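**Q** In this note's numbering, the protein residues as written are 52 to 619.
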Ligand code: ATP
Ligand code: MG
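Written out as structure tokens, the structure is:
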């Protein structure tokens, strides 16, 4: 491809709309342009990278025995109503009506459609195991679309669904997808971690996420370097840690604490460490209210709590007027003593002695409180967020935490959708059985963001060979110099002949401009044809090299081809 024919309107300035590096570089490198919040168009370079990512995914999915098909994005409401998700998705589903006033949505994910397809098309149980997938545009009206392709409202996902006769079959299909995902993310050049994920109220061990560690990731990962354990924050079990408390069975005492609301203020007021306090938070769980308690130095894990409570909607902090009604106090003074709603206490709270809690009276706290003497929680369970320094639940060593970008998610669904929609099969004995399903997603467009987050420097992207828009570039320094031009063309033709996806920067631009653009768009290797062209000498430089090296044409071409082929 010739740069002179390519639409690559690179930007010198960092666009103010972009907060993170990958977003900035994709705009500056003319990969994408914003059309509306979370909605982007792909310019030629962006599309080229995208197609390479898709192709890698396709190859590995096919190799794992999955079959590709393509579903519509514009979907009739009925099948989502049947599964109950027409309501569950809430405002994040784009809903619309046709001219006949019939309800439609833009597909946020396709479990229902694939299940329906299998109901309609599979004739015999002998066709299971079956794994179907598509690479397709998804629509989610995200509350906070941001970071470019990282969290879009329109984005491309690879979604796959497996159908098996029994749990054993599902385990096997799941394992195949796990292996395929490891190959895919390795080929995409991503440094990833597989973490145990929350599988919601359905429970079970059947969900893992593929995370790319990055400070801009919106998920938390807890991991252990000693044994390799890794889990999403939402799921990571917490081992209680011991603290020391005042000895003896001290008498509970009400203390006036005017203008003291937060744990920091309490620490200042009482002059003791924050583990001496238990905080009590009032939540709205669907249409009822609950209280949750954790130690003052801990945070509540709302996902664990939600699963424990078994509510449908996400937990919400109770409205201030409800806190006042339920605790008879202003926000900041809630405590478990005398509370009429269910109290969920963290495992560590059960180990506290003579500690401080809110008194359900504005401006007052209790000190020297003891559990099962002064109050009894309804449920004691692990409801806190894991933190650095926690104990690994597997090996007992130290847990570390990091932020992660979720690039893929595999999930043992079980019978959730097959039961809701009626996907059964008849076995040889004539009895009906429910088909067991799994689902497997990859954020195709998000993968490009993640790859750039992990691979860049101050000059631009350093894309892995496998997904760079071009594998290599030939740059004649001065296209008006006939010798340089002719030699550059010769090298370009030779590289194409050797199967390299190569770009020639044949623009009549200053060399500095061309180098800046090649660095910005992350071309993995380049050959620069300059003044020494007359002697058959060129410069070869990998994107990761500090400096270019002088080589003969043959040497440069060989070095470049070897590097590209090795890293494809
Ligand atoms: P998240 O927690 O980031 O919102 P999710 O768990 O809701 O994602 P899934 O339903 O598991 O997403 O979708 C499969 C994959 O699709 C995710 O692992 C992620 O890589 C990608 N993905 C999900 N939402 C978006 C989005 N808004 N923009 C880009 N990619 C997304
Ligand atoms: Mg997910």
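All C-beta atoms, glycine included, are put in the ideal place defined by N, C-alpha and C.
Quantities reported herein were computed from a predicted structural model and do not represent experimental measurements.
(1) Just checking residue 260 against the ligand MG - is the residue's beta carbon closer than 7 Å to any of the ligand's heavy atoms?
(2) Put residue 693 into one of helix, strand or coil per three-state DSSP.
(3) Using only the alpha-carbon positions, how far apart do residue 123 and residue 524 sit?
(4) Apart from the five residues just before and just after residue 74, which ones in its own chain have a Cβ nearer than 6 Å to its Cβ?
(5) Cβ of residue 23 versus every heavy atom of the ligand MG: is any distance shorter than 7 Å?
(6) On the criterion of 16 or more Cβ atoms from any shown chain inside 10 Å, does residue 150 qualify as buried, or is it exposed?
(7) What does the Cβ neighbour count give for residue 210, buried or exposed, with the cut at 16 atoms within 10 Å?
(8) Can you name the residues that DSSP bridges to residue 612?
(9) Can you determine whether any heavy atom of the ligand ATP sits closer than 7 Å to the C-beta of residue 107, and answer yes or no?
(10) May I ask whether a heavy atom of the ligand MG can be found less than 7 Å away from the beta carbon of residue 457?
(11) Please determine whether the Cβ atom of residue 321 lies at a distance below 7 Å from any heavy atom of the ligand ATP.
(12) Please work out which residues of its chain come closer than 8 Å, Cβ to Cβ, to residue 510, disregarding the five sequence neighbours upstream and downstream, and give them in chain order.
(13) Hey, is residue 198 close to the ligand ATP, as in C-beta under 7 Å from one of its heavy atoms?
(14) Should residue 270 and residue 349 be called a contact, given that it needs their Cβ atoms to be closer than 8 Å?
(15) Given a cut-off of 8 Å on the beta-carbon distance, is the pair residue 162 and residue 468 in contact?
(16) Rounded to a whole number of angstroms, what is the C-alpha to C-alpha distance between residue 71 and residue 315?
(17) Using only the heavy atoms of the ligand ATP, determine whether one of them is closer than 7 Å to the beta carbon of residue 465.
(18) Any idea which residues DSSP pairs residue 420 with across the strands?
(19) How about residue 588 and residue 601: are their beta carbons less than 8 Å apart?
(20) If distances are taken between C-alpha atoms only, which option among 292, 164, 582, 340 comes closest to residue 394?
(21) Use the C-beta contact count for residue 304: other C-beta atoms within 10 angstroms, 16 or more gives buried, fewer gives exposed.
(22) Between the Cα of residue 422 and the Cα atoms of 387, 444, 456, 446, which residue gives the shortest distance?
(23) Check residue 460 in the structure and name its three-state DSSP category.
(24) How many angstroms separate the CA atom of residue 97 from the CA atom of residue 81?
(25) May I have a chain-ordered list of the alpha helix (DSSP H) segments no shorter than 4 residues that lie completely inside the stretch 84-161?
**A** Judging by the given coordinates:
(1) Yes, the ligand MG has a heavy atom inside 7 Å of this Cβ.
(2) With the chain running from 52 to 619 in the structure shown, residue 693 is simply not present.
(3) 38 Å
(4) When the five nearest sequence neighbours on each side are left out, the beta carbons in the same chain lying within less than 6 Å of the beta carbon of residue 74 are those of 198, 199, in order along the chain.
(5) The displayed coordinates of the chain run from 52 to 619. Any statement about residue 23 would go beyond what the structure contains.
(6) exposed
(7) By the 16-neighbour rule on beta-carbons within 10 angstroms, residue 210 is buried.
(8) Paired residue(s): none; residue 612 is not in a bridge.
(9) For residue 107, the Cβ stays outside the 7 Å cut-off from all heavy atoms of the ligand ATP.
(10) yes
(11) no
(12) 567, 570, 571
(13) no
(14) no
(15) yes
(16) 32 Å
(17) no
(18) 406
(19) yes
(20) 340
(21) exposed
(22) 387
(23) strand
(24) 7 Å
(25) 95-114, 129-134, 136-139
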